[in-house]
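Working notes, beginning with the structure itself.
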Amino acid sequence: MTIPRHAGLEALLDDPQGAVIGLDYDGTLAPIVADPAAARIHPDAPGVLAELAERVGGIVIVTGRPPGTALALGTSDSGPSLSDVPGLVILGHYGLERWESGRITAPPPSRGLEQVRERLPLIVDGFDGVLVEDKGQAVAVHTRTSPDPEAALEALRGPVAELAMETGLVVEPGRLVLELRPAGVDKGRALSRFLAERKARSVMFVGDDLGDIAAFDAVVAAPIPGVRVCSGSAEVTALAERADIVVDGPAGVVDLLRTISGRVAGR
1 MTIPRHAGLE
11 ALLDDPQGAV
21 IGLDYDGTLA
31 PIVADPAAAR
41 IHPDAPGVLA
51 ELAERVGGIV
61 IVTGRPPGTA
71 LALGTSDSGP
81 SLSDVPGLVI
91 LGHYGLERWE
101 SGRITAPPPS
111 RGLEQVRERL
121 PLIVDGFDGV
131 LVEDKGQAVA
141 VHTRTSPDPE
151 AALEALRGPV
161 AELAMETGLV
171 VEPGRLVLEL
181 RPAGVDKGRA
191 LSRFLAERKA
201 RSVMFVGDDL
211 GDIAAFDAVV
221 AAPIPGVRVC
231 SGSAEVTALA
241 ERADIVVDGP
251 AGVVDLLRTI
261 SGRVAGR
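Under full-length UniProt numbering, the residues of the sequence shown are numbered 1 to 267, in order.
Structural data, given as structure tokens:
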């Protein structure tokens, strides 16, 4: 593919060893599907990431999922899996959990989550097709499989927000999903900490959903060149409006990463 000209991207290509590439998982590396447990990674993504990891300063996946789930869904029947990407770091639960070198580190779960696990099924009872996903450090409500996903989402916003307030949690909205999680964590803070840790000299972040806006803001706020890439979606336009580059879903993300890897190798 042809890479659009952008100062942040040029900085990455000129000094790849100083670059950090951050990526969301769902909708970015994996297509959005009705059942979140079936969100398998694009088959070419692990191989492309493995090549790119040898040529840049760092690759980090910043996701709302637990790192172990992202790894499980990032397996491949043929070729490399996410766990084979050299030096890969996965910051799960918006940075609460970290996977690196085969080890996960995490703080104890928020006490409010126990109340959520008890009460949330009662709140969604009566909404056909609505799924509750327990992520360990967060609990999410998915309406994608409901007969009327948008109506179910709107009807649940108020009760879910009240439950979050009562339990000291916050609600993270996404594509037909409402996630209850601890306050004080988001993808922007997680990305900013990682950039400082790696002493990054440039950054690219690729996302697709509302939860990635904080990471986009972190790219803008960082005192280094940066580029924001949106994995395009008809469901979420807010991110595309803030992006420097828009690609066509996970396949477009893989093509962009492959092109960047080739350009870096050719220099």
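Here a beta-carbon is modelled for each residue, glycine too, at the ideal position from N, C-alpha and C.
None of these values were measured; they are calculated from a predicted model.
| Item | Value |
| --- | --- |
| Beta-carbon proximity of LEU176 to LEU156, cut-off 8 Å | no |
| Per-residue DSSP class, three states only, for ALA140 | strand |
| Beta carbon of ILE104 nearer than 8 Å to that of PRO67 | yes |
| Residue span of the alpha helix (DSSP H) that contains PHE205, given as start and end | Premise fails: PHE205 lies in the beta strand (DSSP E), 202-207, not in any alpha helix (DSSP H). |
| Beta-carbon spacing of GLY87, ILE61 below 8 Å | no |
| Strand pairing of LEU178, partner residues [DSSP] | VAL141, PRO173 |
| C-alpha distance - LEU73 paired with GLY47, whole-angstrom precision | 15 Å |
| Integer-rounded CB distance, given that ILE3 should sit under 8 Å from LEU9 | 6 Å |
| Rounded straight-line distance, which links the Cα of PRO225 to that of LYS187 | 18 Å |
| Length-filtered (3 minimum) beta strand (DSSP E) runs lying within the region 210-262 | 226-231, 245-247 |
| Delimiting residues of the beta strand (DSSP E) encompassing ARG198 | Taken as a continuous stretch (DSSP letters only), ARG198 belongs to no beta strand (DSSP E), being part of the alpha helix (DSSP H) at 187-198. |
| Among SER110, ALA45, VAL89, PRO107, nearest to SER78 - alpha-carbon criterion | ALA45 |
| Check whether VAL227 and LEU23 have beta carbons under 8 Å apart | no |
| Selected residue, minimal CA-CA separation from GLY158, among SER146, THR69, PRO173, ASP148 | PRO173 |
| Contact under 8 Å by Cβ, PRO250 with PRO31 | yes |
| Where the alpha helix (DSSP H) containing GLY8 begins and where it ends | 7-14 |
| Supposed contact pair SER231 and THR28 - C-beta distance, whole angstroms, cut 8 Å | 5 Å |
| Three-way DSSP call (helix, strand, coil) for LEU29 in this model | coil |
| Start-to-end residues for the beta strand (DSSP E) that takes in ALA19 | 19-23 |
| ASP128 classed as buried or exposed, judged by whether at least 16 other C-beta atoms fall within 10 angstroms | exposed |
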